[in-house]
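K.L.:
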Amino acid sequence: MDRLDAMHLFVRVAELGSFAAVAQQLGLARSVVTRQIAALEAHLGVKLMARSTRRLSLTSAGTAYLEKCRVILNLVETAETDVAEERVNPRGNIRISLPLSFGLKRLAPLLLEFSRRYPEVGLDMDYSDRRVNLIEEGIDLSIRITRRLEGSDIARRIGTARMLAVASPDYLARHGRPQHPAELAHHECLGYTVGGTGQNWQFMVDGQLASFPVRSRIHANNGDVLTEAAAQGLGITLQPDFIIDGFLAAGRIEAVLTEFPVPELGIYAMLPSNRHVPHRVRVLMDALAAGLAV
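Laid out in structure tokens, this is it:
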């Protein structure tokens, strides 16, 4: 293993904090990873990592070496990318994590078109609404729909999703059409949750963002299910346009409270931190942003 390979392996072990996790990701025996790190320490003449029964931790020398390795590896990858044929013809594999409903409805056609256009790029697509750890899971790109990013997130905004409260004509005929968000407390609401039944919905009222409590007998972590429940007359739900547009077009649901806007959701391309972005990933982000803008 040459010096750059050893640096790359050291960075992966430092980020994951586990020889076994790195070995599993790279398809190597744990003993191979352990020997390579030991050989690197012997070459440098210092201990880079302190081993314990539970987790690895970096020594002070290891912390300093890690930052220098990241700088060096990023410079090497940037230099190679700038002169490689990939600049014209992207090639290599991309592991991408996609939200379930939005991924299937809006992103899958764009990804398949990208695959046809760039036959030398392999796509490994994971459809799930869970928030992934890009570094730990070896993900090159994650698409996330959210109203708020964390301070440590590395992200590019590639689109927006409009939110609407909707209900079926049958439900509104039986229970009445709410005229103000405060009236939702007296309606059966269908809530998008990741656990628990209590939640608030937010609307703009007189130019100010306000929260209103709702009660949910039916709640789920999938907007398609909740919109179908609304279409069947079971209540009011608050969902993004990419889920409800087909239901609206078919007349199965109607928008309510349209004079009280709901804050939009941002659609973000999330990148792993401390890593140069390969050209093929940048090309894919550009393609998704252009496709969503149409």
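Sequential numbering of the sequence shown, starting at 1, is according to this note's numbering. Every residue gets a Cβ at the ideal spot worked out from N, C-alpha and C, and that includes glycine.
Just verifying my parser: in three-state terms, what is the DSSP assignment at Asn200?
P.N.:
Strand, per DSSP.
K.L.:
Assign Thr78 to one of two classes, buried (16 or more other C-beta atoms within 10 Å of its C-beta) or exposed (fewer than that).
P.N.:
The residue in question, Thr78, is exposed, as its Cβ has fewer than 16 Cβ neighbours within 10 Å.
K.L.:
Taking all protein chains shown into account, do 16 or more other C-beta atoms lie within 10 angstroms of the C-beta of Ala269, making it buried, or fewer, making it exposed?
P.N.:
Flag for Ala269 reads buried.
K.L.:
At what residues does the alpha helix (DSSP H) containing His175 begin and finish?
P.N.:
His175 -> alpha helix (DSSP H) spans Pro169 to His175.
K.L.:
Please determine if the region 252-266 and the region 163-179 are in contact, where contact requires at least 3 C-beta pairs separated by less than 8 angstroms.
P.N.:
Short answer: they touch.
K.L.:
Could you give the first and the last residue of the continuous alpha helix (DSSP H) run that contains Glu24?
P.N.:
Reading the sequence as shown, one finds Gln at residue 24 and not Glu. Here the alpha helix (DSSP H) through Gln24 covers Phe19 to Leu26.
K.L.:
Alpha carbon to alpha carbon, what distance is there between Val132 and Ser152?
P.N.:
Going from the Cα of Ser152 to the Cα of Val132 covers about 14 angstroms.
K.L.:
Let me check understanding here. Comparing Cα to Cα, which of Ala64, Ala23 and Val13 lies closest to Leu56?
P.N.:
Taking only the C-alpha atoms, the option nearest Leu56 is Val13.
K.L.:
If you run the structure through DSSP and keep just helix, strand and coil, what is Pro99?
P.N.:
Pro99: coil per DSSP, three-state reduction.
K.L.:
Answer with buried or exposed for Gly62, where buried requires no fewer than 16 other C-beta atoms within 10 angstroms of its C-beta.
P.N.:
Looking at its Cβ environment, which holds 16 or more other Cβ atoms inside 10 Å, Gly62 is buried.
K.L.:
Could you check where the beta strand (DSSP E) with His219 kicks off and where it finishes?
P.N.:
Residues Ser216 to Ala220.
K.L.:
Restricting to Cα atoms, I'd like to know which of Ile243, Asp206 and Leu26 is closest to Asn222.
P.N.:
Closest by alpha carbon: Ile243.
K.L.:
Where do the N-terminal and C-terminal ends of the alpha helix (DSSP H) with Ile158 fall, by residue?
P.N.:
No alpha helix (DSSP H) contains Ile158, which is instead part of the beta strand (DSSP E) from Ile154 to Ala161.
K.L.:
Using DSSP with H/G/I as helix, E/B as strand and the rest coil, what is Asp206?
P.N.:
It is coil, neither helix nor strand.
K.L.:
Got a sec? Which residues, its chain only, sit under 7 angstroms from Glu41 by beta carbon, not counting five neighbours each side?
P.N.:
Around Glu41: Lys47 and Leu48.
K.L.:
Quick one: what's got a C-beta closer than 7 angstroms to Ser31's C-beta in the same chain, skipping five residues either side?
P.N.:
Same-chain partners within the cutoff: there are none.
K.L.:
What are the boundary residues of the alpha helix (DSSP H) that Gln36 is part of?
P.N.:
That run of the alpha helix (DSSP H) goes Arg30 to Leu44.
K.L.:
If you count every other CB in all the chains shown that lies within 10 Å of the CB of Thr193, and 16 or more means buried, which is it?
P.N.:
Exposed.
K.L.:
Can you list, in chain order, the residues of its chain whose CB lies under 6 angstroms from that of Arg144, leaving out five sequence neighbours each side?
P.N.:
Correct list, in chain order: Tyr268 and Met270.
K.L.:
From which residue to which residue does the beta strand (DSSP E) around Ile145 run?
P.N.:
Segment Leu141 to Thr146, the beta strand (DSSP E) holding Ile145.
K.L.:
Where does Thr237 fall in DSSP's three states?
P.N.:
DSSP places Thr237 in strand when its eight states are reduced to three.
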